[in-house]
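Taking it in order: structure first as structure tokens, then the write-up.
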DNA sequence: CGTTAATCGAGACGGTACGTCCTGTCTTCGG
DNA sequence: CCGAAGACAGGACGTACCGTCTCGATTAACG
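This is the structure we're talking about:
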């Protein structure tokens, strides 16, 4: 994505090479500004350039649009996955959902989930969005697969749908407080329990 | 909500009353413009005014911001609920989710879900958003309650969480195609079945 | 000029007669606002209506434009002429010019001369402007005529041009401080003396 | 005055320099629009920008207000002084006043005097106004001084006041047709003669 | 004495322009 | 060629007034 992609790795581009310092400063500036509560659309390229002490052209030379810059900045956060103990499917799922629901690392997590919600509107960006969240989804899938192997979960489980049942309510509650009747604090447990036990009468 | 709110219903406000024609034209203009594919942020108040044949002030007099205008316009769509046969919980839930997933009325539905996704970022607007979707949520709740009464669903069902399990995946898939591996066409059935049966081994 | 002009004085117009109170309040409001230093173009009809406690239509019903309203308001000041002693042409002219140069009645005079300068740009208003200043011009003419009769001034004096020589420098200095090298304080004497004595060598 | 003012002439300002083309186009647009008869207050910055094919910011970057822009545009006209034969004070003064009274270059002259009258109301602009008319004033002063040296004019002449006597009536008659009884055509001669001969009886 | 009709206040109407901000591109200089 | 700095054309913002219009409520003289 960045311009440091080169067709021929031997052949260095002529002229002055791009400054890694500038790139770093831009990413930092985006994260700092998003951390102060500005929405993506209120985040202007101009303010990023000013905060980073960088010319606007230096930004546009690297990223074609504000959104892609934001995605790259967010991706740089490399949000960590929790350590999964692997002892019980329920515990692992709750641990994973907790990361979605209540980021322990305050500022970064806030930025993260705020940005996630905002990125959703642009279909072109969804590939990048996937890139950022796919690791977490894959981790969840792995837990489900292990649960099936271990006999804890039903063998004919619809893994992809179950993934949605688990994560979508957390994301929507986190980003837009979808239901006023649900508390984010105990939501992971309640979601996991509901998904595991099912609604139909035994 | 609308400008016709009055503290004392007997006492008319002084001065020339606000034009219902203008109000109508503005709402229509918003829906038409959103129908052409413009995103909320690309939707300028100026273009709405021009399309409606109205001064900008006439818009700002009624709605403090573009977002609130959009919510009101969307609310005016009064999206219809499906007829629920009431014979089986599964069928009713699938019918409800289908409305979320694949709006039969093309343009309006497109506008609707596009807007929903975009509104999510503004916490101040959530009250309005609730107003628009609450009827649908309440209808779903009612189906769950009937299912419990009829003995089809377990008596200790966590209704609010189950609501989230059902609706959140549909909304996220509809608005942002959250999972590339899921097809919106058969998602209602798969979600309902997964929620009803549960993940844990019998 | 006002709508109370009637073709047939016997025949009263039907309907509610116009309120003299409103008319008075409007004129007062204009003068008060001009007195606070606002220029004519910065003086909005809206602010006049608000200050007078009157609807905008009540103003537009009487005066077709802001400018005509201002002229009428200024004319209402009925700026007083000084008492002319009639003993010497020089003294009388100086007394008249002093009124132009340094209005003794502070606020009203300030409004007056400020407005004069501003009205000049609109040719349509000049008739009204004349109406306001003509009395002062006529008084000056009279002094010149008396001077000729008394043998103080030359018999072939070009009265209209001399009027201009006397008044124009005062007005321009007063309204736009035309020459930075001239002090408004002693200008009346210097102008009168220069006009009386002439430039050519004796 | 212009943006090319520099504190240190060696040190160029950083960033892209301001476009002389844009500056030129703006000035031209102002003069063209004023030439069509629009008054200064009816001259909108928006219309100037449109006519010049320039963004509004490009105008506001250079001039803080419409008025200062107009003054600069008018100053750019560099209104020419007549050739002074220097043979007789009377002839030279008449020639100078003719330029004030009846500009030979129609459009520009019309713009000029129209603008002069309009600028008078803003004291802040007077410095600029001076800059524009000072050359003409200085030329007139020079004629008077030469007349004194040559013995044509009285040695104790009040030059500044005489300047006012000569120019103010012309300006007021030109810009606001101050006296309905005076014809602009023969005014220069009449004014000069009146000033030279004086009013007092010989 | 009840019409009739113009006026009152209030304020909304379709517009125009304001001056600011930001967009994405460009043009300059020095490194 | 990249760096910052910042100007460029353009477009939208939200505000302030313009001059007109609609309201319900007054306020007279006329019938």
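Chains as they are written, first to last, in this note's numbering: chain A, -12 to 189; chain B, -12 to 189; chain C, -12 to 189; chain D, -12 to 189. Beta carbons are placed, not taken as given, at the ideal position from N, Cα and C, and that holds for glycine. All values reported here derive from a predicted model rather than from experimental measurement.
Does chain B have any CB closer than 9 Å to the CB of residue i?
{"i": "residue 79 of chain A", "result": "no"}
{"i": "residue 193 of chain A", "result": "Because chain A here runs from -12 to 189, residue 193 of chain A falls outside it and cannot be looked at."}
{"i": "residue 123 of chain A", "result": "no"}
{"i": "residue 62 of chain A", "result": "no"}
{"i": "residue 20 of chain A", "result": "no"}
{"i": "residue 15 of chain A", "result": "no"}
Using beta carbons (cut-off 9 Å, strictly below), is residue i in contact with chain D?
{"i": "residue 83 of chain C", "result": "no"}
{"i": "residue 132 of chain C", "result": "no"}
{"i": "residue 138 of chain C", "result": "yes"}
{"i": "residue 74 of chain C", "result": "no"}
{"i": "residue 59 of chain C", "result": "no"}
{"i": "residue 144 of chain C", "result": "yes"}
{"i": "residue 155 of chain C", "result": "yes"}
If you measure from the beta carbon of residue i to each beta carbon in chain C, is any gap under 9 Å?
{"i": "residue 50 of chain D", "result": "no"}
{"i": "residue 172 of chain D", "result": "no"}
{"i": "residue 178 of chain D", "result": "yes"}
{"i": "residue 187 of chain D", "result": "yes"}
{"i": "residue 181 of chain D", "result": "yes"}
Span of the alpha helix (DSSP H) holding residue i?
{"i": "residue 180 of chain D", "result": "174 to 184"}
{"i": "residue 158 of chain C", "result": "146 to 163"}
{"i": "residue 18 of chain D", "result": "7 to 22"}
{"i": "residue 48 of chain D", "result": "43 to 49"}
According to DSSP, is residue i part of a helix, a strand, or is it coil?
{"i": "residue 188 of chain B", "result": "coil"}
{"i": "residue 59 of chain B", "result": "helix"}
{"i": "residue 167 of chain C", "result": "coil"}
{"i": "residue 28 of chain B", "result": "coil"}
{"i": "residue 0 of chain B", "result": "coil"}
{"i": "residue 74 of chain B", "result": "coil"}
{"i": "residue 67 of chain C", "result": "coil"}
{"i": "residue 34 of chain C", "result": "helix"}
{"i": "residue 40 of chain B", "result": "coil"}
Between residue i and chain A, is the shortest Cβ-Cβ distance under 9 Å, so that the two count as touching?
{"i": "residue 149 of chain B", "result": "yes"}
{"i": "residue 70 of chain B", "result": "no"}
{"i": "residue 184 of chain B", "result": "yes"}
{"i": "residue 168 of chain B", "result": "yes"}
{"i": "residue 158 of chain B", "result": "yes"}
{"i": "residue 141 of chain B", "result": "yes"}
{"i": "residue 152 of chain B", "result": "yes"}
{"i": "residue 129 of chain B", "result": "no"}
{"i": "residue 28 of chain B", "result": "yes"}
Please return the same chain residues whose Cβ sits closer than 8 Å to the Cβ of residue i, not counting the five positions on each side in sequence.
{"i": "residue 30 of chain D", "result": "17, 20, 21, 53, 57"}
{"i": "residue 176 of chain A", "result": "81"}
{"i": "residue 68 of chain A", "result": "83, 86, 122, 123, 126"}
{"i": "residue 9 of chain B", "result": "39, 41, 45"}
{"i": "residue 174 of chain A", "result": "84, 88, 156, 157, 160"}
{"i": "residue 43 of chain C", "result": "32, 33, 36"}
{"i": "residue 63 of chain B", "result": "14, 18"}
Residues in the same chain with beta-carbon distance under 7 Å from residue i, minus the five sequence neighbours each way, listed in chain order, please.
{"i": "residue 159 of chain D", "result": "165"}
{"i": "residue 128 of chain A", "result": "146, 150"}
{"i": "residue 144 of chain B", "result": "131, 135"}
{"i": "residue 142 of chain D", "result": "135"}
{"i": "residue 152 of chain B", "result": "182"}
Could you please give me the residues that DSSP links to residue i through a beta bridge?
{"i": "residue 140 of chain A", "result": "B/187"}
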